[in-house]
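Inspection log for the structure reproduced underneath, given as structure tokens.
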Amino acid sequence: MATKQKMTRRDMLKVLAGSTTGFLLTAGTPSQSVPSSKTASGPGFLSAPEANVRRGGVVRWAGHIQAPHFDLHQGALPWSLNFMYNGLVRMYMVDGRRTAVPDLAERWEVSPDGKIYTFFLRDGVKYHDGTPFTSADVEATFKRILSPPAGLAITMTGLFEGVENVQAVDRRTVRFSLKEPRSYLLEVFAVPQCVIYSKRSLDANNQDLRKVIAPGTGPYMLKERREGEKMILARNPNYWNPDIPYIDAIELLHLPEWTDRGTAVLTGRADMSPNTSVEMLREAQKRSDMGWAQQPSESLYIVYYNCQRKPLNDARVRRAISLAVSHQDLLKVFESYEGVKFSSWIPRASDLATPPDQLEKRPGYRPGKAEDIPEAKRLMAEAGYPDGVKGMDLVCASVASHAQVLAPAFQDQLKRTLNIESKIRVVERGVLIEEWKAGRFDFSLFSHALTTTLDPSPLWNVSFKTGGAQNYPRYSNPPFDRLLEQVNRELNASRRRQMVAQAQDLLDENPPWFVIGWLDYNVIWRNYVKGLEVDKRLASDLSRLDTIWLDK
Amino acid sequence: MQSYIARRLLLAIPTLFGVTLLIFLAMRVLPGDPLSAVTGEGGAVFVLNEEQLKAARASLGLDKPYYAQYLDWIAALARGELGKSFWKDTPISEILARRAPITFQVALMAVILSWLIGLPVGVLSAVKYHSGFDVGSRIVVTLFMAVPSFWLGLMFILLLVSLFSWRPPLDIVYLSEDPAANLQMTLGPSLTLGIGMGAVMARITRSSVLEVLHEEYVRTARAKGLRERAIVWGHVLKNAMLPILTFSGVIMGQLLAGSVAVERAFSVPGLGLALVSAIYERDWMVIQNLVLLYGGIYILINLVVDISYALVDPRIRYR
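Residue numbers (my numbering), protein chains in the order written: chain U, 2 to 553; chain C, 1181 to 1499.
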């Protein structure tokens, strides 16, 4: 039986009603009464949750916009570019659940066996250079992702590992054929970097968009770019949703330092920032003219174990460390630097994540170590290290909070609980990758945006599967590999949930990493900024500001 | 003098060649392959496999032998092309045109401030040798020499934000466009740098003036009945200027390269931050060309300082 996804007008109005309440509760000051605007309706036609929207103005957004290049599929930063593009679908909170909603695809069908995805594309959409959007663009985009031309490094290829082929069936229909089902695939299509480039741009630039900002179909168009300073994006007057955007332009201000972003918003030099420092968040919380939120992200702090080096090649040693080191203590040490939250192998915002109150009852995760440390010592003794280990190498990046706070805290825990002595070695972040590739570490501590989905499969495929593209710990767990293949394929939600729980148990018993926690982004804004809908999106989704408006 | 200048300019050429060789080799030798990872905020790491690395290297011309890459670069320089950003094709001349005026303005203001602070303090300190003023000023000067300029900058920003809910503008605004906004942006960093440099300037001025104060011609001038002010400002300072000029040249050269820490503290998008961004992004072309530019600036400034010796001290004549 085919599954259809279609948002009716009634569904959309329910969403608007629910999100208005939610937004008012989180943002504070209700909007002033201003003339109402017409709301377009239909699948994916978003609009601001507030009733009377004011048009015009320029939003000044403070964040990190500098990226080495402009090709989102080759790893460019979405923050500076996503505003200009659309994907086939995007993720939104609908009725309290994170759901794929239409973007460039009006609707879609998934075959009963989960191996055919058919997207029915919106009509009348144009790229910023006037080129009409058709299925040929989707086909060209995904052919590049699935089979990158020589010389290109399409970082998204691994996310679509189950997809065999993409085909433009007709002008408004595109079909993806899979080798085997992937129940999480819609979420992968909704990843912020998974934008649809025009075939024309791809052909004109030999498939390589690193050096050009290709035209998009998004609500904003590039007006001006000043390297290392800012980008100005103007409203797209021909956007396929005629009601938005409400503002005239967005100014993206490049402020790489988190505190600078916060001071910019607090002093009125900027209107909002998607991620600022904890101190600035606390300042914003004290002020009545500021809104704030802590948004879950797909980034996390971890410690790699080198599973091919003694003594960490013994799963008992890794398990012992994971039992003995306290998550809670590390989070406490770090809480004034970043908002890292307690979770395990899955982002905490995922439906499949173990809730913190249940996680805290499990060995290794519980706050009290009275039972865990003796068990850890027993495992160490069994592995042949009753007196601990000396001379281990703990590598971290030359980021102050990593090298001077987290790494020493982890080092101290290893020493106090299991008498494992380690030496902290600090290297530049760009060099860290080379250490991993060469296996020149015992432990490596870092923060990572390893995944861009809440579903665990994409992360686990690249990081934990034997031979995975980012499996730098050289972890190999055949029972986990076999279970992961089932998790990847399973379409029944309830069975899949059980399998994911079993997989997490396997990872707990034989861990490749120590998960310190998952990051929240500290979003702050001036109260006159409306339409953000932070309660309906993850941190990464904040690279789209379609419905934002200024109540001033 | 003209032949001297010509000789110095000719000598600059092998010096600059040396700079190009050093920076070219440094980029190739130092760890950190730009193609091994593309990173973004939060350390997002997307890594290339060996095959992808090889192909990407070839697409950027990095598969050529080192000597071929070097000669390509030198040939481009000889044609007057400063090159483009490694990744984004942004002409480096665009980066310079936009940021150099701000960096230059901050540097000039900082040097002027260092003179305004350092010269009077240094001269007075020397003239009132071992007095309360001398001891007090030396303590203050030592304190400001010890305090890092970026800390001073951060404290400025902190005070402004917390007491006045105000911070300098984030956009580049030139003096000719909007003097008020421009000064809001540049006064902070130049004051921060100027205070630190002023402290060093005061020390140098003090020791230089002290040396000259004990010269015979100064004693003669006093014996002739000249006022002390006229002696100090008309005779002593003129003869004590050489070390002060040398120091001014050195700091001007340093500041033209951009004070990274202060630019970061004030979020001023100057040349220093441009170099740091290029280093993080492993943008070899930008790094190489900026370092070469800084080398050229230093050579020019040294030449200007040397010429100024001849203007200040008639005894110095170049042939």
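Note that CB positions come from ideal geometry on N, CA and C, so glycine has one too.
Just the Cα atoms here: how many angstroms apart are residue i and residue j?
{"i": "U:V189", "j": "U:S458", "result": "10 Å"}
{"i": "C:G1328", "j": "C:S1457", "result": "The sequence as given places Pro at residue 1328 of chain C; Gly does not occur at that position. Distance between the alpha carbons of C:P1328 and C:S1457 is about 22 Å."}
{"i": "U:A502", "j": "U:N462", "result": "16 Å"}
{"i": "U:A470", "j": "U:E372", "result": "36 Å"}
{"i": "U:V400", "j": "U:L433", "result": "12 Å"}
{"i": "C:I1411", "j": "U:H65", "result": "57 Å"}
{"i": "U:G269", "j": "U:I251", "result": "15 Å"}
{"i": "U:G369", "j": "U:L360", "result": "13 Å"}
{"i": "C:A1217", "j": "U:T454", "result": "The predicted model places C:A1217 with a pLDDT of 49, which falls under 50 and marks its position as unreliable; any figure quoted below should be read in that light. Taking the straight line joining both Cα atoms gives about 21 Å."}
{"i": "U:K378", "j": "U:L313", "result": "15 Å"}
{"i": "U:V213", "j": "U:F71", "result": "6 Å"}
{"i": "U:V418", "j": "U:L380", "result": "For clarity, residue 418 of chain U is Thr in the given sequence; the question names Val instead. Straight-line Cα distance between these residues: approximately 13 Å."}
{"i": "C:V1485", "j": "C:I1479", "result": "10 Å"}
{"i": "C:Y1246", "j": "U:L223", "result": "38 Å"}
{"i": "U:G518", "j": "U:L446", "result": "12 Å"}
{"i": "U:N493", "j": "U:S112", "result": "14 Å"}
{"i": "U:F121", "j": "U:E339", "result": "42 Å"}
{"i": "U:K424", "j": "U:Q412", "result": "8 Å"}
{"i": "U:T40", "j": "U:L324", "result": "Any reading at U:T40 must be qualified, since the residue scores a pLDDT of 48, below 50, and its modelled position is unreliable; no value is offered."}
{"i": "U:N53", "j": "U:L551", "result": "11 Å"}
{"i": "C:A1235", "j": "U:Y185", "result": "31 Å"}
Listing by chain order, which chain U residues have their CB less than 8 Å from the CB of residue i?
{"i": "C:I1337", "result": "T264"}
{"i": "C:T1270", "result": "E228"}
Quick one: list the residues of chain C neighbouring residue i, beta-carbon separation under 7 Å, in chain order.
{"i": "U:D261", "result": "S1447"}
Under a Cβ-count criterion, where at least 16 other Cβ atoms within 10 Å of its own Cβ denotes burial, should residue i be classed as buried or exposed?
{"i": "C:H1394", "result": "exposed"}
{"i": "C:V1320", "result": "exposed"}
{"i": "U:D104", "result": "buried"}
{"i": "C:L1296", "result": "exposed"}
{"i": "C:H1310", "result": "exposed"}
{"i": "U:E51", "result": "buried"}
{"i": "C:S1356", "result": "exposed"}
{"i": "U:N87", "result": "buried"}
{"i": "U:S344", "result": "buried"}
{"i": "C:I1431", "result": "buried"}
{"i": "U:A28", "result": "With a pLDDT of only 35 at U:A28, under the threshold of 50, the placement of this residue in the model should not be trusted, and no figure is reported."}
{"i": "C:V1209", "result": "exposed"}
{"i": "C:R1495", "result": "exposed"}
{"i": "U:Y366", "result": "buried"}
{"i": "C:D1243", "result": "exposed"}
{"i": "C:F1336", "result": "buried"}
{"i": "C:Y1397", "result": "exposed"}
{"i": "C:D1463", "result": "buried"}
{"i": "C:V1359", "result": "Here residue 1359 of chain C turns out to be Pro, not Val, going by the sequence shown. Classification for C:P1359: exposed."}
{"i": "U:D290", "result": "exposed"}
{"i": "U:W514", "result": "buried"}
Give me the chain U residues within the contact set of residue i, using Cβ-Cβ distance strictly less than 9 Å, ordered along the chain.
{"i": "C:A1238", "result": "A151 and G152"}
{"i": "C:S1439", "result": "Ordered by position in chain U, no residue passes the 9 Å Cβ test against C:S1439, which lies about 16 Å from the chain."}
{"i": "C:I1275", "result": "E228 and G229"}
{"i": "C:L1453", "result": "G229 and P257"}
{"i": "C:R1444", "result": "P257, E258 and D261"}
{"i": "C:S1345", "result": "L267, T268 and G269"}
For residue i, I'd like the list of residues in its chain whose CB is within less than 7 Å of its CB, leaving aside the five on either flank, ordered along the chain.
{"i": "U:T142", "result": "I197 and Y198"}
{"i": "C:G1222", "result": "Caution applies to C:G1222, whose pLDDT of 39 falls short of 50 and renders its modelled position unreliable; the model cannot decide the point."}
{"i": "U:S178", "result": "K116, I117, E165 and N166"}
{"i": "C:V1353", "result": "A1361, N1362 and M1365"}
{"i": "U:L533", "result": "W526 and I549"}
{"i": "C:T1200", "result": "I1254 and L1472"}
Which chain C residues are close to residue i, counting only those with a beta carbon under 9 Å from its beta carbon?
{"i": "U:K224", "result": "In chain order: nothing, as chain C lies at least about 15 Å away."}
{"i": "U:G518", "result": "Those do not exist, as U:G518 stays about 14 Å from chain C at its closest Cβ, beyond 9 Å."}
Could you name the residues of chain U that residue i contacts, counting a contact when the two beta carbons are closer than 7 Å?
{"i": "C:V1341", "result": "T264, L267 and T268"}
{"i": "C:V1295", "result": "Reading the sequence as shown, one finds Trp at residue 1295 of chain C and not Val. Neighbours of C:W1295 on chain U: none; closest Cβ ~31 Å, over 7 Å."}
{"i": "C:E1461", "result": "P69"}
Which residues in chain C sit within 8 Å of residue i, going by Cβ to Cβ distance?
{"i": "U:T256", "result": "Residue 256 of chain U is actually Leu in this sequence, not Thr. Those are L1350 and S1447, listed as they occur along chain C."}
{"i": "U:E280", "result": "Going along chain C, no residue has its Cβ under 8 Å from U:E280, so there is no contact; the nearest lies around 11 Å."}
In chain order, each beta strand (DSSP E) run of at least 3 residues that lies wholly inside the region 148-179 of chain U: 164-171 and 174-179
Entirely within the region 1349-1405 of chain C and at least 4 residues each: give me those alpha helix (DSSP H) ranges in chain order. 1359-1393 and 1396-1404
Taking only runs that begin and end inside the region 268-315 of chain U, name each unbroken alpha helix (DSSP H) of 4 or more residues, in chain order. Listed in chain order, the complete alpha helix (DSSP H) runs (minimum 4 residues) inside the region 268-315 of chain U are 279-287.
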